[in-house]
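Working notes, beginning with the structure itself.
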Amino acid sequence: MAKAKTAGRLQLKKDLPLIFLCLPGAIYLIINNYIPMFGLFIAFKNINYAKGIFGSDWCGFQNFKFLFATDDAFIMIRNTLLYNLAFITIGTVLSVFVAILFSEMGANVFAKIYQAGMVFPNLVSMVIVAYIGYAFLNAASGFINMTLLSAFGIDPVSWYSEPGAWPVILMVVYIWKNVGYSSIIYISNIAGIDRGIYEAAKIDGAGKFHQIVNITLPMLKPTVIIMTLMAVGRIFNSDFGLFYQVPMNSGTLYSTTQTIDTYVYRALMERNDIGMSAAAGFLQSIVGFVLVLGANLLVRHVDPDNALF
Amino acid sequence: MHEIKTRGEKAFQIFAFVFLTILTIFALAPFVLIISASLTEENTLAVSGYQFWPKVFSGAAYEYLFTKAGTILRAYGVSIVVTVIGTAVSLIISPMLAYPMSRKDFRFRNLLAFFVFFTMIFSGGLVPSYIMWTRVFHIRDTIFALIIPNFLMGAFNIFLLRNYFTNSIPVSLIESAQLDGAKELTIFFRIMLPLSTPVLATVGLFVGLAYWNDWTNGLYYINDTALFSIQNLLNRLMQNIEYLKSGSGITSAVGNIDTSQMPSTSIRMAIAVVAVLPIIIIFPFIQKYFIKGVVIGAVKG
Chain A
3 MAKAKTAGRL
13 QLKKDLPLIF
23 LCLPGAIYLI
33 INNYIPMFGL
43 FIAFKNINYA
53 KGIFGSDWCG
63 FQNFKFLFAT
73 DDAFIMIRNT
83 LLYNLAFITI
93 GTVLSVFVAI
103 LFSEMGANVF
113 AKIYQAGMVF
123 PNLVSMVIVA
133 YIGYAFLNAA
143 SGFINMTLLS
153 AFGIDPVSWY
163 SEPGAWPVIL
173 MVVYIWKNVG
183 YSSIIYISNI
193 AGIDRGIYEA
203 AKIDGAGKFH
213 QIVNITLPML
223 KPTVIIMTLM
233 AVGRIFNSDF
243 GLFYQVPMNS
253 GTLYSTTQTI
263 DTYVYRALME
273 RNDIGMSAAA
283 GFLQSIVGFV
293 LVLGANLLVR
303 HVDPDNALF
Chain B
433 MHEIKTRGEK
443 AFQIFAFVFL
453 TILTIFALAP
463 FVLIISASLT
473 EENTLAVSGY
483 QFWPKVFSGA
493 AYEYLFTKAG
503 TILRAYGVSI
513 VVTVIGTAVS
523 LIISPMLAYP
533 MSRKDFRFRN
543 LLAFFVFFTM
553 IFSGGLVPSY
563 IMWTRVFHIR
573 DTIFALIIPN
583 FLMGAFNIFL
593 LRNYFTNSIP
603 VSLIESAQLD
613 GAKELTIFFR
623 IMLPLSTPVL
633 ATVGLFVGLA
643 YWNDWTNGLY
653 YINDTALFSI
663 QNLLNRLMQN
673 IEYLKSGSGI
683 TSAVGNIDTS
693 QMPSTSIRMA
703 IAVVAVLPII
713 IIFPFIQKYF
723 IKGVVIGAVK
733 G
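As given, the protein sequences belong to chains A and B, one line each in that order.
The number in the numbering used here is simply the position in the first sequence, starting from 1, with 2 added.
The number in the numbering used here is simply the position in the second sequence, starting from 1, with 432 added.
So this is what it looks like as structure tokens:
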């Protein structure tokens, strides 16, 4: 008994410096990440700052009822899901395609420069992307209206009040910003494939195209599946910058640019509607969590090594 | 070593080369458009629009930037300060948290790993964070608002560091240091950190980029223009222009704006160029670390 106690004390003495080391980081995560998790209860309160957060009245599902009584709920959920589906499918196809091109080009100085060039858009902020978008799209002097459309004699379009155009515009921006970046993982995957397999196929008379279809693509399949499932797990989240900055926060575009993230922000900051905002945010957190768990379950089914947990 | 290539393979290689050339041009052309605009004479920009090559050259926008524009230089300074402090603090506390997780003899390592990991899959979202930072910590309109929320530490980077400590630094090194009577803190600061420069460079790069590019904290918590980062300044300038164009009156949240005081289009584009410049300059040197970090992170986050 006394021995066990000393052993425990010894162990604690041994652990203490390590505990001390992780303290600042742990405290940060508690404040920055964990307290807001518990703060999700706000969605069920009728927040009144005069009474304080904890003193405000509980209101059950009232905030959710109000939220779903508006068109906003349907629009933002539809947009979030549809954009994500488009991004996942088209983004994956293009990233794999680009990765194959890079692997065919071989490792040389051009490949390195080209990869730097194609990754670069991923490194700039969405504010800059919005500026670039503005240079192309603004009605009075944008490149598209002034140069492209006028070359074909087409009348200028005021893009920032044309909701129908935005699914295409946002898709293009997404591809431009992300494909180079997401191809990195596939490039490293292809580099890891045993060259001998290709040599053997070559001896059997398989051409380049056959090698790609029958060797490269099947070898990439596990990674594609895993990346896709992880993306599906995040399907309830959207890139706030892409949907807030690039459309220039234009109200006329909400029908095609509003997502859950932009709604939560706008309800909270622009309309001061904590209830609705918290309700939408709560939904996003909980559904997102369930989706991640589900996606991970599927990943574990496909390839246990790549499951998150 | 020279591989013998068939004609089909050569054709394929040429196809790949040509196609990637085109894609790279597509990736970079938009930057050329704003650089060109920043170097175009203001009236020409209004009359003939944005072009990939300035019709009438003018360095006036940059001259204005570096001589008259106190706010812009100040915002640039804020961005630098926030990026440097944020990255430095992150590079201290992140490895400090990751290291114990890598120690097989640390009793709480699994608990700690789960504690960090859980923040990756569940989040309280904007509303509770916003209320906490503004109502409890009163962070609004302080420099801390740009540094502390969200970016100081992320689970992704912690795992990157942990994996490096576990896989790339031999346990025997730690054990022999312990036998020599070295204290845990000494082992960490004198042995682990100096041996981890590659992963520290990668993490520092991710964190630094995130701080430099961040506009969200400023959007949520900063109203005082003196504390605007370069991203927030750009954001506000664009909002004001759009706001004026929409013709919805001058009195509202944005306040009174004197149009003559608004930087011209070429100046705004010049600010955008200057905001991207540091990334353009450092990227060739950091490309290696960046790619490596992305690959490792994607394989096992």
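Using N, Cα and C, we set each Cβ at its ideal position, and we do this for glycine too.
Does the distance from the CB of residue i to the CB of residue j come in under 8 Å?
{"i": "B:M624", "j": "B:I601", "result": "yes"}
{"i": "A:S279", "j": "A:Y162", "result": "no"}
{"i": "B:W644", "j": "B:P710", "result": "yes"}
{"i": "B:S534", "j": "B:R594", "result": "yes"}
{"i": "B:S470", "j": "B:Q483", "result": "no"}
{"i": "A:G277", "j": "A:N65", "result": "yes"}
{"i": "A:Y133", "j": "B:L651", "result": "no"}
{"i": "B:Y653", "j": "B:I575", "result": "no"}
{"i": "B:I517", "j": "B:I590", "result": "no"}
{"i": "B:N582", "j": "B:N664", "result": "no"}
{"i": "B:I756", "j": "A:Y30", "result": "Look at the range of chain B in this structure, 433 to 733, and you will see that residue 756 of chain B is not part of it."}
{"i": "B:T598", "j": "B:Y721", "result": "no"}
{"i": "A:Y176", "j": "A:G93", "result": "yes"}
{"i": "B:T697", "j": "B:L477", "result": "yes"}
{"i": "A:G119", "j": "B:A704", "result": "no"}
{"i": "A:Q286", "j": "A:F242", "result": "no"}
{"i": "A:V304", "j": "A:I228", "result": "yes"}
{"i": "A:W60", "j": "A:P123", "result": "no"}
{"i": "B:M670", "j": "A:Y136", "result": "yes"}
Quick one: list the residues of chain B neighbouring residue i, beta-carbon separation under 7 Å, in chain order.
{"i": "A:A132", "result": "M670"}
{"i": "A:C61", "result": "Per Cβ cutoff of 7 Å: no residues; A:C61 is ~15 Å from chain B at best."}
{"i": "A:L103", "result": "A448, F451 and L452"}
{"i": "A:P26", "result": "I525 and M528"}
{"i": "A:M120", "result": "L455, T456 and A459"}
{"i": "A:S143", "result": "L477, A478, G481 and Y482"}
Pull up the DSSP beta-bridge partners for residue i, would you.
{"i": "B:F489", "result": "B:T472"}
{"i": "B:W565", "result": "In the DSSP output, where bridge partners are listed per residue, B:W565 has none listed."}
{"i": "A:D59", "result": "A:N48"}
So residue i and residue j are supposed to be a Cβ contact under 8 Å. How far apart are they, rounded?
{"i": "A:T230", "j": "A:F245", "result": "That belief does not hold up - the Cβ atoms of A:T230 and A:F245 are roughly 21 Å apart, past 8 Å."}
{"i": "A:W168", "j": "A:T258", "result": "4 Å"}
{"i": "A:G283", "j": "B:V559", "result": "5 Å"}
{"i": "A:S185", "j": "A:V100", "result": "4 Å"}
{"i": "A:V159", "j": "A:N140", "result": "Between A:N140 and A:V159 the Cβ distance is about 11 Å, and since that is not below 8 Å, they are no contact."}
{"i": "A:N298", "j": "A:G235", "result": "7 Å"}
{"i": "A:Y188", "j": "A:S97", "result": "6 Å"}
{"i": "A:L20", "j": "B:F538", "result": "5 Å"}
{"i": "A:I217", "j": "A:A233", "result": "Not a contact, Cβ separation roughly 25 Å."}
{"i": "B:L452", "j": "A:L103", "result": "5 Å"}
{"i": "A:G144", "j": "B:G481", "result": "7 Å"}
{"i": "A:V126", "j": "B:V708", "result": "5 Å"}
Is residue i a contact residue of the ligand ATP, with contact defined as CB to any heavy atom under 7 Å?
{"i": "A:T91", "result": "Among the components of this structure there are no ligands whatsoever, and the ligand ATP is therefore not found."}
Going along chain A, which residues have a C-beta under 8 Å from residue i?
{"i": "B:F660", "result": "Residues of chain A passing the Cβ test: none, with the nearest at roughly 12 Å."}
{"i": "B:E473", "result": "Result: empty, since nearest Cβ-Cβ is about 13 Å, beyond 8 Å."}
{"i": "B:S555", "result": "N35, P38, M39, S287 and G290"}
{"i": "B:K615", "result": "P19"}
{"i": "B:N726", "result": "Looking at the sequence itself, residue 726 of chain B is Val, so the reference to Asn does not match. What B:V726 touches in chain A: Y183, I186 and I187."}
{"i": "B:P581", "result": "N34"}
{"i": "B:L497", "result": "Per Cβ cutoff of 8 Å: no residues; B:L497 is ~15 Å from chain A at best."}
For a contact defined as C-beta to C-beta under 8 Å, what are the partners of residue i on chain B?
{"i": "A:M2", "result": "No answer is possible for residue 2 of chain A: the residues shown for chain A start at 3 and end at 311."}
{"i": "A:V100", "result": "L452 and L455"}
{"i": "A:W178", "result": "F458, A459 and P462"}
{"i": "A:I44", "result": "V559, P560 and I563"}
{"i": "A:Y136", "result": "M670"}
{"i": "A:F242", "result": "T648"}
{"i": "A:A280", "result": "V559 and P560"}
Residues of chain A with a CB under 7 Å from the CB of residue i: which are they?
{"i": "B:R594", "result": "Neighbours of B:R594 on chain A: none; closest Cβ ~11 Å, over 7 Å."}
{"i": "B:I713", "result": "Simply none; closest approach about 12 Å."}
{"i": "B:L605", "result": "The premise fails here: B:L605 is roughly 16 Å from chain A at the closest Cβ pair, so nothing lies under 7 Å."}
{"i": "B:Y531", "result": "L23"}
{"i": "B:P486", "result": "The contacting residues do not exist; B:P486 stays about 13 Å from chain A at best."}
Name, please, each residue of chain B whose Cβ falls closer than 9 Å to the Cβ of residue i.
{"i": "A:Q13", "result": "R539"}
{"i": "A:M333", "result": "Because chain A here runs from 3 to 311, residue 333 of chain A falls outside it and cannot be looked at."}
Please report whether the beta-carbon of residue i lies at a distance below 8 Å from any beta-carbon of chain D.
{"i": "A:V95", "result": "Here chain D cannot be found, since the structure's protein chains are A and B."}
Item to complete: Go through the stretch 70-111 of chain A residue by residue and report every complete run of the alpha helix (DSSP H) that reaches 4 residues or more, in order.
Response: 73-107
Worksheet item: If you scan the stretch 575-608 of chain B from start to end, which runs of the alpha helix (DSSP H) of 4 or more residues do you find wholly inside it?
Response: Those alpha helix (DSSP H) runs which fall completely within the stretch 575-608 of chain B and span 4+ residues are 576-579 and 587-600.
Fill in: alpha helix (DSSP H) runs contained entirely in the stretch 224-259 of chain A, provided each spans 4 or more residues
242-246 and 256-259
Discussion item. Ignoring anything shorter than 3 residues, give me the beta strand (DSSP E) runs that lie fully in the stretch 141-181 of chain A, in order along the chain.
Written reply: none
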